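Numbering-wise, the sequence shown is residues 0 to 264 according to numbering that gives the first Met the number 0.
A virtual CB, placed ideally from N, CA and C, is assigned to each residue, including glycine.
Note that the structure is a prediction, hence the values are computed from the model and not measured.
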Amino acid sequence: MCQEKPKKSSDLKRKVNYFLSSPKLGRPEVKNLLDQLQGLGGVGIFGGMLRDLSLLGNEGFDSDIDLVIDTDKEDELDTLLRPYRPVQNKFGGYRLKLSRWPVDIWLLKSTWAFKKGYVEDDTFADLCKTTFFDWDGIVYKVGDGTILTVDGYFDHINEKLLDINLENNPNPMGNIVKAFRYREKYGAGFSNRLAKYIYENLEDFDPDRISSYENKSHDRPVLSSNIISQIFEELCIHQEKYPLLPFVGAGVQSSLWTAKDDQGS
């Protein structure tokens, strides 16, 4: 069940509010776009931006922004976004580039897990249940600032323990690449369920294929073949000895992880 966690989400709300009120780094363009979109329906900031703000703060956030809109006014949305010269994104929605921030926008009802019937209903209250990873299962409702998450979200973020949220997913290679990236960028450990999922799929994806996929799919690769091979080796040893325990291991502690105050960024 998705739920608001007012005590644990207060710090994240502060970081989002800072981002949306800051005059720096092209952030006013994002705020202006959100204001325009809200004229057509409810808008949620989804997934990665909120994850990175939680883990890295505004100083460490330097990635795409995913926006989901609950509207039936698709023609008006097309008209509104036309000046931004969007292209179709992998979600069947819009990808546009502001002066500083890449933005993906798609219709709430078009979310893959809703369309396939893996998650019932198609509300913001259910959107956080549609992601493969629990760290991505979070929504910030722009209108009222409500934060919705999967159960245990902030506990897992604070423990740096990555788990599966919705296993039904068409892209196991992409999931493995993201898991390895989270381990490299954030020092993430894997739940026993996620470790088992990766282990069972490893025979289909060698380190060179994983490295090649990351280079094609991500603007800023963080994985080398050596890093991937190291994770492979650690994970295989772990699964042979401790298959019922989370995979923490030596890991690769992130050089991006900081505890800096983000108010100066």
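Check: Below 8 Å, can you find three or more Cβ-Cβ pairs linking the segment 146-162 to the segment 223-237?
Finding: Too few Cβ pairs lie closer than 8 Å, so no.
Notebook entry, point to check: Would a C-beta distance cut-off of 8 Å place ALA194 and PHE246 closer than the cut-off?
Noted result: Yes, Cβ-Cβ distance for ALA194 and PHE246 is below 8 Å.
Next item on the list: Might you give, ordered along the chain, the residues of its own chain that have their beta carbon closer than 8 Å to the beta carbon of GLN35, omitting 5 neighbours on each side?
Entry: Its chain contains LEU79 as the residues whose beta carbon lies nearer than 8 Å to that of GLN35, once the 5 sequence neighbours on both sides are disregarded; these appear in chain order.
Checklist line | Contacting residues, own chain, Cβ-Cβ under 6 Å from GLN238 (five flanking each side not counted) | finding: Correct list, in chain order: TYR198.
Item checked: Secondary structure, alpha helix (DSSP H): runs of 4+ residues fully inside the segment 24-91 -> The segment 24-91 contains these whole alpha helix (DSSP H) runs: 26-37, 47-59 and 73-80.
Margin query: Comparing C-alpha positions only, which one of LEU52, TYR83 and ARG26 sits nearest to ARG13?
Written below: Closest option to ARG13, Cα to Cα, is LEU52.
Margin query: In the DSSP output, which residue or residues are listed as bridge partners for ILE105?
Written below: Contrary to the premise, residue 105 reads as Trp rather than Ile in this sequence. Answer is VAL67, bridged to TRP105.
Next item on the list: Could you please give the first and the last residue of the uninterrupted alpha helix (DSSP H) stretch that includes VAL15?
Entry: Here the alpha helix (DSSP H) through VAL15 covers 5-20.
Note to self: In this structure, how does DSSP classify TYR139 when only helix, strand and coil are distinguished?
What the structure shows: Here TYR139 sits in strand by DSSP.
Item checked: Reduced DSSP category for LEU147 - H, G, I as helix; E, B as strand; rest coil -> Per DSSP, reduced to three states, the secondary structure at LEU147 is strand.
Next item on the list: Give a yes or no on whether the C-beta atoms belonging to ILE64 and LEU76 are separated by under 8 Å.
Entry: Against a cut-off of 8 Å, the Cβ pair of LEU76 and ILE64 comes out as no contact.
Margin query: Does the distance between the C-beta of LEU32 and the nearest non-hydrogen atom of the ligand ADP fall short of 7 Å?
Written below: In terms of ligand content, the structure shown is empty, and the ligand ADP therefore cannot be addressed.
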